[in-house]
Amino acid sequence: RGELNYGAISRHTHEAATNKEGVFILRVPGHGAYHIATWHPLYAPILLDKIRAGETLTIPLSRGGAVHGKVINADTKKPVFGAVIESEDDETGFKRSTSTDEAGRYKLMGLHPDSMKLSVHAEQLLPTVREHIALNTNAPVAIDIELSMGKIIRGAVLDDKKQPVANALITSGSEHTRTNDTGEFSMA
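Per this note's numbering, the sequence shown starts with residue 16, numbered consecutively.
See the structure below:
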């Protein structure tokens, strides 16, 4: 129907599914103002603020946009299984995520048809971000992503007596690793 009718509302993390008529009720322990988020795979999420317990709401949902595609390793040209794809709406900050199947395919639905960014990361590959992606509700947007291995930094951490230092933290930007028992590390 595109509408959800609420009874009592909760500011704590509670969930309820709608019935066939789009209705559900959450019982709350007290009074006050609440934040309500509505999620459905086919509709754009919506956030309502300052809702009072006991109010009955009618929330109109709008058809969401969708993005799909394939993630491949830029160096080997093979599909990347288990890559994590996260969308974030530029205006609201709502996030959705999924991971790729064995063929490197992914699909995210129920996205705000505004502008969004898409972040993709996978083990041993450099992450990437695509920004300002415009969606519409008429057709899914196809976005194929290539992730590369990047360059590897290798080394060893030694103390002042030239002895290996195990478990030393090595960082570069948002990437990090620790040295092994012989003081060696590698980072992509």
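Each residue gets a CB set at the ideal place from its N, CA and C atoms; glycine is no exception.
From a predicted model like this one, the values you see are computed outputs, not experimental measurements.
Query                                                                                             : Result
C-alpha distance - GLY79 paired with MET124, whole-angstrom precision                             : 7 Å
Expected contact under 8 Å - CB spacing of HIS46 and ALA81 to nearest Å                           : The Cβ separation is near 39 Å, so there is no contact.
3 or more residues per run - each beta strand (DSSP E) lying fully within the stretch 101–151     : 110–114, 120–126, 130–136, 143–149
Sequence-distant residues of its chain with Cβ nearer than 6 Å to PRO60 (five each side left out) : TRP54, PHE109
ALA137 and ALA171 closer than 7 Å at C-beta                                                       : no
Short Cβ contact (7 Å threshold) for GLU106 with LYS132                                           : no
Residue closest to VAL156, alpha-carbon to alpha-carbon, out of ASP129, LEU140, LYS92, VAL95      : ASP129
Nearest candidate by alpha-carbon position, reference VAL95, set LEU173, ARG111, GLY165, GLN139   : GLN139
Local Cβ density within 10 Å of HIS188, reported as buried at 16 or more and exposed below that   : Looking at the sequence shown, residue 188 is not His but Gly. The residue is exposed, with fewer than 16 neighbouring Cβ atoms inside 10 Å.
Exposed unless 16 or more other CB atoms sit within 10 angstroms - verdict on HIS147              : exposed
Spatial distance of SER112 from THR197 (CA atoms)                                                 : 38 Å
One or two residues paired with GLU161 in a DSSP bridge                                           : ILE87
N-terminal and C-terminal residue of the beta strand (DSSP E) that HIS50 is part of               : 48–55
Delimiting residues of the beta strand (DSSP E) encompassing GLY40                                : One point to set straight first is that residue 40 is Ile, not Gly, in the sequence displayed. Neither: ILE40 is in no beta strand (DSSP E) and is coded neither H nor E.
PHE200, DSSP secondary structure in three states                                                  : strand
Proximal residues to TYR121 (C-beta, below 6 Å), its chain only, five neighbours per side dropped : ILE100, THR113, THR115
Sequence-distant residues of its chain with Cβ nearer than 8 Å to ILE87 (five each side left out) : LYS93, PRO94, VAL95, GLY119, ASP159, ILE160, GLU161, LEU162
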